[in-house]
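Protein chains in written order, with the working numbering: chain Z, 78 to 386; chain C, 252 to 578. Have a look at the structure below before the remarks.
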């Protein structure tokens, strides 16, 4: 068991290192922050001074080592736009993002999982087909299209809800709805196929053959097995709580981490982008670790493998 | 005397394709019946249909009576009482027949709680007794193990323990040893026979292994293409099969004693259920087939006190067999 997790934690650390390195290199090769922030009209000596001040004229490997040296001291750099620590800028945006992604996550689970289970248990029925059609629609329509569609209906046509901003809870409804619908669709499809797979297994027939009532066959024999693949997709959803709303925040002018990322990338505000990516990698990797742990908890076969691996 | 189970005119169709075409079968209390035939002949489907265990899209018709009471199409609550409580079933592939995420204790106790008036400690004690009965070593500790921690033979023993948990009157053993190696096979069959004797339980042994059936059953029914084609006491069937298909099955079996003889194979293949020949389904493969065989499917008719055969050429078939034996 200990080894199972030691290996996984090692892999997680490696993943984070790769993400950070990749972001570091790509950002520095794809544009000059001095030009982006000061503008093309800035005099060359100002640009040069800016580059020198931020260490941008050092060789890239030197900058890279410098960056890790700073991280080791707990320094994540400062924004090149206003000089504030990047971590501060990011942290103050997190509550706004979570205000969208947490309720959306709850709705995805509350809608998607029961819909998937119901569709699987009534396979081929009209409700199954309706659930699947909705799920495919929710799955294939990109979130910005869905967002614009919802704005068009509820803000422009009906005038019930605001189309953007963050002034009241009513402003959160459309962004949360956009996030929930797509996620619930994915979850419903996944849960349905996991359930169908499990319901076809011989042990379900065994349970029925020993006289277990159908309702209990579903709840105590099928669901615990179907939970195993479903947990994977839930893990991804938890992992994207911080940065899963980039598009939706942009469409609805919601001042969260996603919007900060878009602006920071456009400006090549290196420290801010890197700080966000580090945070995203950390949440993704942490939720994957939790999923691995849950697998061990849900599936005794994996638990055993971990012990002997 | 009413038989324990009596099946009449049982037919099953999957999306319009008939796989069971009118099965008649009766079983007395404590009797051991062998059900033989090639894969796809409907051996398992007969009992899955009788217990209402087929998927919903299967169309089932006919009658299945338990102690004279109709159970086909009975309400779910009645069927849940019958399944495990009156008629228990064990399956071919033990490895996938137990729920992988539940402990053996949980799966055994579930069956006990459903069919026996036991609670709390008594359930656990009985679960332990059953595991000991089927010969799982170190049973007390192994109760909290998961199915993957047991070998195939052990899992089948656990399945048997689970089947006996409800004190059923009838055990349907659907190819119980097919997935196991030969030595384990013998042990499992021995175990089944012992417990069955002690509990006075009836058994249907579904198998394509004629040797297994000959050793363990008093009576044998031979199935072909969704029908029973011959029924006879085991010793009579093996000594003197009447239906040409039954003759073919037994002719394909090497004799353990007596002179060496050439094994015979049945020519052709089992007909596709979607394109059944008219009349007798075996006629296209039968060396004795005559013109009337294609006209109508023969019904199972008695030829002796406790024998029945579905073949209009039965007499010719018998003569042919005697002719071969006289050579």
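C-beta atoms are modelled at their ideal positions from N, C-alpha and C, and glycine is treated no differently.
- The C-beta of residue 266(C) has fewer than 16 other C-beta atoms within 10 Å across all chains shown, which makes the residue exposed.
- Taken through DSSP and simplified to helix, strand or coil, residue 426(C) comes out as coil.
- Beta-bridge partners of residue 316(C) (DSSP): 257(C) and 321(C).
- Any Cβ of chain C closer than 8 angstroms to the Cβ of residue 285(Z) would place that residue at the interface, and such an atom is present.
- If you ignore the 5 residues before and after residue 435(C), its C-beta comes within less than 6 angstroms of the C-beta of 404, all in its own chain and listed in chain order.
- When DSSP reads this structure, residue 285(C) sits in a beta bridge with 456(C) and 471(C).
- Our two residues, residue 303(C) and residue 324(C), have alpha carbons roughly 7 angstroms apart in a direct line.
- Using a Cβ distance threshold of 8 angstroms, residue 382(C) and residue 390(C) count as a contacting pair.
- If you draw a straight line from the Cα of residue 96(Z) to the Cα of residue 90(Z), it is about 10 angstroms long.
- Against chain C, the CB of residue 376(Z) has a partner CB under 8 angstroms away; the residue lies at that interface.
- 280(C) is the residue among 308(C), 280(C) and 354(C) whose C-alpha sits nearest the C-alpha of residue 319(C).
- Looking at the backbone, the Cα of residue 222(Z) and that of residue 260(Z) are separated by about 15 angstroms.
- The beta carbon of residue 395(C) sits no closer than 8 angstroms to any beta carbon of chain Z.
- Using a Cβ distance threshold of 8 angstroms, residue 473(C) and residue 496(C) count as a contacting pair.
- With a contact defined as Cβ atoms closer than 8 angstroms, residue 386(C) and residue 365(C) miss out at about 24 angstroms.
- Using a CB distance below 7 angstroms, the part of the segment 341-356 of chain C facing chain Z consists of 342, 344, 347, 348, 349, 350, 351 and 352, ordered along the chain.
- In the DSSP assignment, residue 110(Z) falls outside any beta strand (DSSP E) and within the unbroken alpha helix (DSSP H) covering 110-115.
- Excluding residues up to 5 positions away in sequence, 239 and 242 lie with their Cβ nearer than 6 angstroms to the Cβ of residue 248(Z) in the same chain.
- For residue 340(Z), the enclosing alpha helix (DSSP H) starts and ends at 334-344.
- Inter-segment contact for the segment 341-360 of chain C and the segment 262-281 of chain Z is present: three or more beta-carbon pairs are separated by less than 8 angstroms.
- Contact check for residue 406(C) against residue 419(C) fails: the beta carbons are separated by 8 angstroms or more.
- Taking 8 angstroms as the upper bound on Cβ-Cβ separation, chain Z lies near residues 397, 399, 400, 410, 413, 414, 416 and 417 of the segment 395-425 of chain C.
- In the DSSP assignment, residue 282(Z) falls within the unbroken alpha helix (DSSP H) covering 279-286.
- Residue 331(C) and residue 286(Z) have their C-alpha atoms roughly 8 angstroms apart.
- By the criterion of a C-beta distance shorter than 7 angstroms, residue 413(C) is surrounded in its chain by 358, 359 and 362, once the five residues flanking it on both sides are discounted.
- Between residue 384(C) and residue 446(C), the gap from beta carbon to beta carbon is short of 8 angstroms.
- Residue burial annotation: residue 139(Z) is exposed, with fewer than 16 other C-beta atoms found within 10 angstroms of its C-beta.
- Residues of chain C with a Cβ closer than 9 angstroms to the Cβ of residue 282(Z) are, in chain order, 299, 304, 340, 342 and 348.
- Here residue 163(Z) is near residue 349(Z), since their CB atoms are less than 8 angstroms apart.
- Bridge partners of residue 421(C) according to DSSP: 338(C) and 453(C).
- For residue 290(Z), the C-beta contacts it makes with chain C under 9 angstroms involve 327, 328, 331 and 365, in order along the chain.
- Of the residues assessed, residue 106(Z) falls on the exposed side of the cut-off, its CB having fewer than 16 other CB atoms within 10 angstroms.
- Contact annotation: the segment 373-382 of chain Z does not touch the segment 282-295 of chain C, with fewer than three C-beta pairs closer than 8 angstroms.
- DSSP places residue 482(C) outside any alpha helix (DSSP H); the residue lies instead in the beta strand (DSSP E), whose first and last residues are 478-484.
- The contact set of residue 306(Z) on chain C, defined by CB atoms closer than 7 angstroms, is empty, because the minimum CB distance reaches about 13 angstroms.
- The Cβ neighbour count for residue 121(Z), taken over all protein chains shown within 10 Å, is under 16; the residue is labelled exposed.
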